[in-house]
Each structure stands twice: as C-alpha cells, then as structure tokens.
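Note that the protein sequences, when read in sequence, are chains A and B.
Sequential numbering of the first sequence, starting at 1, is according to this note's numbering.
Sequential numbering of the second sequence, starting at 1001, is according to this note's numbering.
There are 2 protein chains.
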Amino acid sequence: MQPAELPDAAISAVERETGLSKDTLRMWERRYGFPSPLRDANGERLYPAEQVHKLRLISRLLDRGLRPRQLVGEALEQLIARAEAAEAKSAESAPVLESALFETTLRLLRAYDETGLRVHLSAALQRLGLQRFVIEFVAPMNRWVGDAWSRGQIAISQEHLYTEQMEHQLRQGLGAVYPGTHRPSVMLTTLPGEEHQLGLLMAHACLAVEGVRCVSLGIQTPAWDIAEAARQHGADVVGLSFSEALRPKHALEMLQDLRARLPASVEIWAGGALWARTRRQIGAVRFISRLDQLPAIIAEYREHRAHDTRAEAG
Amino acid sequence: MQPAELPDAAISAVERETGLSKDTLRMWERRYGFPSPLRDANGERLYPAEQVHKLRLISRLLDRGLRPRQLVGEALEQLIARAEAAEAKSAESAPVLESALFETTLRLLRAYDETGLRVHLSAALQRLGLQRFVIEFVAPMNRWVGDAWSRGQIAISQEHLYTEQMEHQLRQGLGAVYPGTHRPSVMLTTLPGEEHQLGLLMAHACLAVEGVRCVSLGIQTPAWDIAEAARQHGADVVGLSFSEALRPKHALEMLQDLRARLPASVEIWAGGALWARTRRQIGAVRFISRLDQLPAIIAEYREHRAHDTRAEAG
DNA sequence: GGGGTTGTTTTGTCCTAGACAAATATTGTC
DNA sequence: GACAATATTTGTCTAGGACAAAACAACCCC
C-alpha cells in the first residue's frame, strides 16, 4: 500500500544512492543491458526506483566478492537469495549474542517508537557499559540492520531512525566519560566520501574509555586539512573510519595520499568494516578491522612510545 | 616544510582534493586553458602539486561568490591578493560580537582545544538553558564561524571541530529533556542533498523544550520514505531543515513533491537559513526562517488543533 | 532609487563511443 | 597441488558536442 510512486532518479542521484560511479552505470547499461533507464525530454537518463533498489543490492553484493557479470543479469529474487546466503555465511562467524536485545530493538524500530528505543538503548548502555555496548551490541546490530534493509525487511526511514537513535545514545555515553589526557593523542575523522558518523563515534567511544586524548573533526575532512590540523594540534595518531560504502581502491589511494602528507612520526590508524574484506593493505598504516583490537593496539603504542621517549631523553 | 615530495595527481585525486568534478576540470582546461596537466605514457592527465594548490585556492574563492572566468586566468599572486581583499571587505561588514562567549569559543577553536571547548560550551548551555543556548548563542555563532571560514580566518578542520562539538553539546542538552508527549507530533529530518545535521538538532531542541513529541530520522531521507514514515507513525507535522548550501529551486521542487505525497492533514514546516533569502514560497508549507518563531507557531497550531478536535467531537 | 521582467553570457553536467590497464579467471606445465 | 602464462572481465579515462540552470546585465515601471 504505497501512497505515491517514487520519482525516477537522475544519474547523479543514483551515483549518490548506490555508490556506483556515473561511468560505471553507463558502462553496465552498454555491456549488460542493465540498468535500462528511461529518458527525459532532454535525452537524459531517468532510473526507476525499482532499478535503483536492485543496483543498491548489487552494490552490496559486490563488496562481498561477487562479480558484476553474474549479478547484473539476475532477477531481484535471485539477488535476495544470494544476499541471504551471504548473510547466513557471515552469521556463522559472528558471535552469538543474547537475542532479546536485538529482537526488542527490531520491534521498537518497526513501530517507530522513538521513546521506547531511547529507553531500551539507554538501558542496554547502562547495563553493558560503553565499551561492551559498542563492541557486543552496536557493531553486530549495525550489520543486522543493514542486511534487513537490503532484504526489504525494514524501510529506509527505519534504518535512519536506528542510526539517529544509536548516534544519540553513543553521544550520551561519550558525554559521561571524563575527557582523556593520556597518550596517544588521537585526531579522529573520515575522508571525503565517507559519510557514516556512527563508525567514527564507535571508535571514539572505544578510545575514550581507554583514557586516550581524542579530538574528533566529524566526517569528510580532506587530506590536506587533516594533515594541517594534525600538525597544528600535535596529534600522535590520525584515526580514520571506513564503512563498506567506500570502494577499497579509492580508500587506499586516499590513505596513501594522506600518508605522504603526514610526518612519519604520526601514525595512521584505519578502522572500519571495509578492512574486514579487503586484502591489499599498505605499509605505514595500521588497519583495524574490529574494534575489540583497539585496547591491545593502544597498549602496544604506549609501550613503544615510552621506549621512544626514553630513547629521545637519553 | 612538507614531509615528502608530493607526486603529480591523477584527475580522480584532484577531484577529491579540490571538490571540483572531473567534468569541470576538463571543461576549464578546454575553455580557459587552465589547469594544464601533464600527460602520462597513456595520455592521462597528471596534475602537478602546484596546479592542484592553485585549484584549491580557486575553489575556495568560488565559495565567496567570485566567478570562475576571472579566477582561472589569474596568476597565483593575484589570487592570493583577491583572497586577502575579500577577507578585508567582509571583515568590515561582519558584526562585532563583543560577547565573551563568542570570543572564548573562537580562541579555543583556534587552539584545537577539544576539552576546553567541551567545558566552555557545556557551561554556556547550563547557564543559558537549552532554548536560549540555541537561539542566542548557537545560531549567531554558526553564522560567525561560517563567515570566519570563508574569510580564511579559520581552517576547514576548525569549522569541523566546531560543528562536531556543538552537535555533541546539543545532544547532551536534548538527552536531558524528558521526551515530549504533547501535540503536535513532529517528524524531523532533511531531504536528500541536505547534509547539515546541526540545523536539524537546533530545531529538535527548540521543539523538545516545548514538550512536543519529536521523532528524528536524521538527515537525507527521500520524500517517499518521509511520507511512508509519517503515515505509519501518525505524525501531525513533518519538520524539515534547509541550510544555505542547498539550491532554492531544487529545495522547492522537493518540497512540492513531498507535499503531494502527504495527506493535507499533515503540515509541513520548512525551516533553516535558506528561507531568509528566498522569496518564492509555496502554499500549504509553513516557512520558518528563525527559530525564535517556533514557540508562537506551536501555540498557534495547538489552538487550531484544539478547535478542530472540538469540532470533530461535537 | 528600489523592484520586477526580460535577454545574454557563463557555467556545470550530461551525452556518445572508443581505448586501455588493472584486476580476476582460466589454462597449461611442472 | 603450486606456479606461470594467457584470456576475460571490469572500471576509468579520453574527446568533443549539447543544453539547461544560474548569474549577470539591461531595461522598464512605479
């Protein structure tokens, strides 16, 4: 029961929506016959909502290693089946959690129950503590919500509501942590094109509970500005968050560029779901695919740094 | 004092770095003869770091209202002179804010003093209360910071830091307000293309202190999803925030589209700095250019609504 | 002089279609 | 089964043409 039909989207909107470049969209159309957009009076492409949805699904599956040739030819049902198979596979390796937390979150989300969500998430945060909340609840819940959306089980607006509430809750949690003063001094942000703030906040939380001195610049800071800010602020580490929405190759290029702009004494820590699936990595950048690795990494840094400082002093 | 020699950049890297699209870069080269990149063995453009730097400067001056035609023809020295002239000119017209609140914020921002900012803003929030904090401090401060950035007085990274801290503080303030239960029931979000979350949070705060029942979907919700969510949630009002970054025509089109999708019983309140300068407005949408108008609008709604309810009951 | 309408220039984005290198799959060989 | 050589797939670049939206300029009217 749809109140109205979604408007057809221009190619630039589809690029934003799916993360597939305009060039790629045109090339698929040329090679595989899909997508097959309508044309407006001016001969420009207009993508029906249905095709945009299918493209998003394809884009997600590409990140799991499947090839375009197979995917673009398949019907929507086959794609959904593939998505479910991929999910089942990744669910095996995921830690099994008390399902009550997840199920309740889902139920409240479906009902658009903002107050209920707030109470529920806040209670979970208080019960688990900030660190366990992030690692054991938020991280798997994010994956679950993303999958549920791509299978059409929840609406975009409900995914938005989830993100908004979770962000709110993480900020509440962060507000209760006394600002850290210990080294390393970490500057947090994301590179241009990475819009997901939740990943950044999760990292921030995990660092804050270790007493690390953090400065967050929010999302989408250009490499030049990161370098300049790190220099002026005297940061020891630049921490960056990467969601699966970003193309690995693109992300690696930006990282290498940033690496060249920063002095060698400043470390780069690149975290986020993107690195769980990406093989190729570059030197002089620390890749962190799971947040629970952070405490060990911080401890290691502190040990090294203490050593360095002694050496410098001596 | 660069840490390393920066290599010539490919066109995709220049796009990221400057924010100018590939098409635009190629078009400028065709039309104005600048930039004039080298070519690699394969005939692809390679931009020397020097030209990339100049492009960055041009991109910044464009944001101040200067036109490409003039800028791309000029030498680097002329561009810098222009930047300084633009800065001097806007410094004259800038309102002089003698308040200690503003000056302290600026000073802490310049020092990248995250902890100091947090303490300072939190104190301001506690002293003024959420409503006055938003209307008397955040709103003018936003304008000031935007101006300071476009004049080159603060770096992008410092504007990012400001936004991040203010957002954090507003969320802290919102977290302390007991969830509203009174009508109207407002669903808050922004339309696609509008990325600024701060405006939305400011509106959220002003509504929350009036005891209004709010649900925020965060930013960039497509019109169809807003309509669907409003229907399922039974919202009385859809509240949207528009920054000056959006093109008025585009914004009005999207608003009209949304208006057509929502039942007439659901009001649309469109707020934000965009409407202070835009004449053209459309019927059946309430435009709110300043946040201090909100209490009166809510009171008016409640009176009307009470009337309607009585009429329905009788 | 301010405010609105009209015409002109500027400017960004989209189009087609060809080319090629990097990434990935497949085959052949030990 | 491991490794090298070859074939296919795939994304991104190139060139120039077209056009509509935005910005600017000129004009008229109050």
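Idealized CB from N, CA, C, for every residue including glycine.
Just so it is clear, the structure is predicted and the values come from calculations on it, not from any experiment.
Sequence-distant residues of its chain with Cβ nearer than 6 Å to residue i (five each side left out)
i, result
"Ser289 (chain A)", "Trp275, Ala276"
"Phe327 (chain A)", "Limits of chain A in this structure are 1 at one end and 314 at the other, which puts residue 327 (chain A) out of reach."
"Gln1158 (chain B)", "Leu1109"
"Gln1051 (chain B)", "Pro1035"
"Ile298 (chain A)", "Glu210"
"Ala1009 (chain B)", "Tyr1047, Val1052"
"Gly1199 (chain B)", "Ser1241, Ser1243, Gly1272"
"Asp1023 (chain B)", "none"
"Ile135 (chain A)", "Leu291, Asp292"
"Ala1049 (chain B)", "Leu1006"
"Ile1154 (chain B)", "Ala1148"
"Leu117 (chain A)", "Leu108, Gln165"
"Ala139 (chain A)", "none"
Residue environment, residue i, which counts as buried when at least 16 other CB atoms sit within 10 Å
i, result
"Asn142 (chain A)", "buried"
"Val119 (chain A)", "exposed"
"Arg1310 (chain B)", "Annotation note: pLDDT 42 at Arg1310 (chain B) (below 50); position unreliable, no value reported."
"Gly1065 (chain B)", "exposed"
"His168 (chain A)", "buried"
"Leu38 (chain A)", "exposed"
"Ser1021 (chain B)", "exposed"
"Pro263 (chain A)", "exposed"
"Ser150 (chain A)", "buried"
"Leu1121 (chain B)", "buried"
"Gly1043 (chain B)", "exposed"
"Glu1303 (chain B)", "exposed"
"Met27 (chain A)", "exposed"
"Arg171 (chain A)", "buried"
"Gln947 (chain B)", "The shown model of chain B, from 1001 to 1314, leaves out residue 947 (chain B), and the question about it has no answer."
"Glu1228 (chain B)", "buried"
"Asp1225 (chain B)", "buried"
"Leu1076 (chain B)", "exposed"
"Asp1040 (chain B)", "exposed"
"Gly152 (chain A)", "exposed"
"Gln1078 (chain B)", "exposed"
"Gly283 (chain A)", "exposed"
"Glu300 (chain A)", "exposed"
Close Cβ partners of residue i (< 7 Å) along its chain, the five nearest in sequence each way excluded
i, result
"Phe1137 (chain B)", "Leu1101, Ala1124, Leu1128"
"Ala235 (chain A)", "Ser185, Val186, Met187, Val266"
"Ala1273 (chain B)", "Ser1243, Glu1244"
"Glu182 (chain A)", "The sequence shown places His at residue 182 (chain A), rather than the Glu named in the question. Only Gly211, Val212, Arg213 meet the Cβ criterion."
"Ala1208 (chain B)", "Leu1174, Val1177, Gly1180, Cys1214"
"Val1285 (chain B)", "Leu1255, Arg1259, Ile1268, Ala1270"
"Pro1295 (chain B)", "Glu1210"
"Leu55 (chain A)", "Val14, Thr18, Leu20, Pro35"
The ligand GDP heavy atom lying under 7 Å from the CB of residue i
i, result
"Val1072 (chain B)", "Absence of the ligand GDP from the depicted structure is noted, as is the absence of any ligand whatsoever, leaving it without description."
Cβ neighbours of residue i in the same chain (closer than 8 Å, five flanking residues each side left out)
i, result
"Arg305 (chain A)", "Arg183, Pro184, Asp236"
"Ile1080 (chain B)", "Leu1057"
"Arg61 (chain A)", "Note that residue 61 (chain A) is Leu in the sequence shown, not Arg. The answer, listed in chain order, is Leu71, Leu79, Arg82, Ala83, Ala86."
"Glu15 (chain A)", "Ser21, Lys22, Leu25"
field: Inter-stretch contact at 8 Å, needing at least 3 Cβ pairs: the stretch 240–251 of chain A / the stretch 1121–1141 of chain B
entry: No contact exists between the stretch 240–251 of chain A and the stretch 1121–1141 of chain B.
- prompt: What residues in the stretch 155–177 of chain A have a beta carbon less than 8 Å from any beta carbon of chain B?
  reply: Ala155, Ile156, Ser157, Gln158, His160, Leu161, Thr163, Glu164, Glu167, His168, Arg171, Gln172, Leu174, Gly175
- prompt: Counting pairs of beta carbons, one from the stretch 159–166 of chain A and one from the stretch 1216–1225 of chain B, are three or more of them closer than 8 Å?
  reply: yes
- prompt: Which residues, in order along the stretch 223–234 of chain A, keep a beta-carbon less than 8 Å from a beta-carbon of chain B?
  reply: Ala223, Trp224, Asp225, Ile226, Glu228, Ala229, Gln232, His233
Selection of the stretch 1207–1223 of chain B by Cβ proximity to chain A, strictly under 7 Å: Val1215, Ser1216, Leu1217, Gly1218, Thr1221, Pro1222
Residues of the stretch 246–257 of chain A whose Cβ lies closer than 9 Å to any Cβ of chain B, in chain order: His250, Glu253, Met254, Asp257: these are the residues of the stretch 246–257 of chain A whose beta carbon lies less than 9 Å from some beta carbon of chain B, given in chain order.
Unbroken stretches of the beta strand (DSSP E), 3 residues or longer, contained in the stretch 99–129 of chain A: The qualifying runs do not exist here; there are none.
task: Give, in chain order, every residue of the stretch 1030–1057 of chain B whose Cβ lies closer than 8 Å to some Cβ of chain A.
output: Arg1056
field: Sequence ranges, beta strand (DSSP E) only - wholly within the stretch 210–263 of chain A, length at least 3
entry: 212–216, 237–241
- prompt: If you measure beta-carbon to beta-carbon, which residues of the stretch 1107–1127 of chain B are closer than 8 Å to chain A?
  reply: Tyr1112, Glu1114, Thr1115, Arg1118
query: What are the residues of the stretch 1125–1146 of chain B that lie near chain A, defined by any Cβ-Cβ distance shorter than 7 Å?
result: none
task: Please list the segments of the alpha helix (DSSP H) lying wholly inside the stretch 33–98 of chain A, counting only runs of 4 or more residues, in order along the chain.
output: 49–62, 68–73, 76–93
- prompt: Listed from N- to C-terminal order along the chain, which residues in the stretch 1013–1026 of chain B have their beta-carbon within a distance smaller than 7 Å of any beta-carbon of chain A?
  reply: Within the stretch 1013–1026 of chain B, the residues whose Cβ lies closer than 7 Å to any Cβ of chain A are, in chain order, Ala1013, Arg1016, Glu1017.
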